[in-house]
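Reading through the structure tokens given below for one structure.
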Amino acid sequence: MSLISRCLPTRALGLLMAIGFADLLATSLLYSSGLIDELNPLMRPVLHHSLWAFGFLKGGTLLLGWWALANYARSDRSFVRRICLFGSVAYVIIWVGWLIVGR
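Right under this line is the structure:
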């Protein structure tokens, strides 16, 4: 098994991580420019405290999720693929919904 297939056992996991890190980058850039405020009630206080703390916490949770899913894929790759696709769709729906509500 190659390093890439161990790190990304399914493309769906790569998609979920790409969406998560794109959200992290977009939120950081837009918040620092004063264009948005964080609507997630769990992350809002962290972002208001420090942009670095927000980036560290959000990036850390993404990496922890990647690690857990990549390891679990060794025993049930099909489940990881399905849950990552579901998570990707849910992430985008929630993100777009909050973007519309936040206007």
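Here UniProt numbering is used: the first residue of the sequence shown is 1, the next is one more, and so on.
Ideal Cβ placement from N, Cα and C applies to all residues, glycine included.
Closer than 8 Å by C-beta to valine 101: which residues in its own chain qualify, once you throw out the five before and the five after it? Chain order, please. Leu39
Here's a check: name, in chain order, each residue in its chain whose Cβ is nearer than 6 Å to the Cβ of phenylalanine 54, leaving out the five neighbours to either side. Val46, Leu47
Could you compute how far the alpha carbon of cysteine 84 sits from the alpha carbon of leucine 16? 6 Å
Whole angstroms is fine: what's the gap from arginine 77's alpha carbon to lysine 58's? 25 Å
From alanine 90 to aspartate 37, what does the alpha carbon distance come to, in whole angstroms? 21 Å
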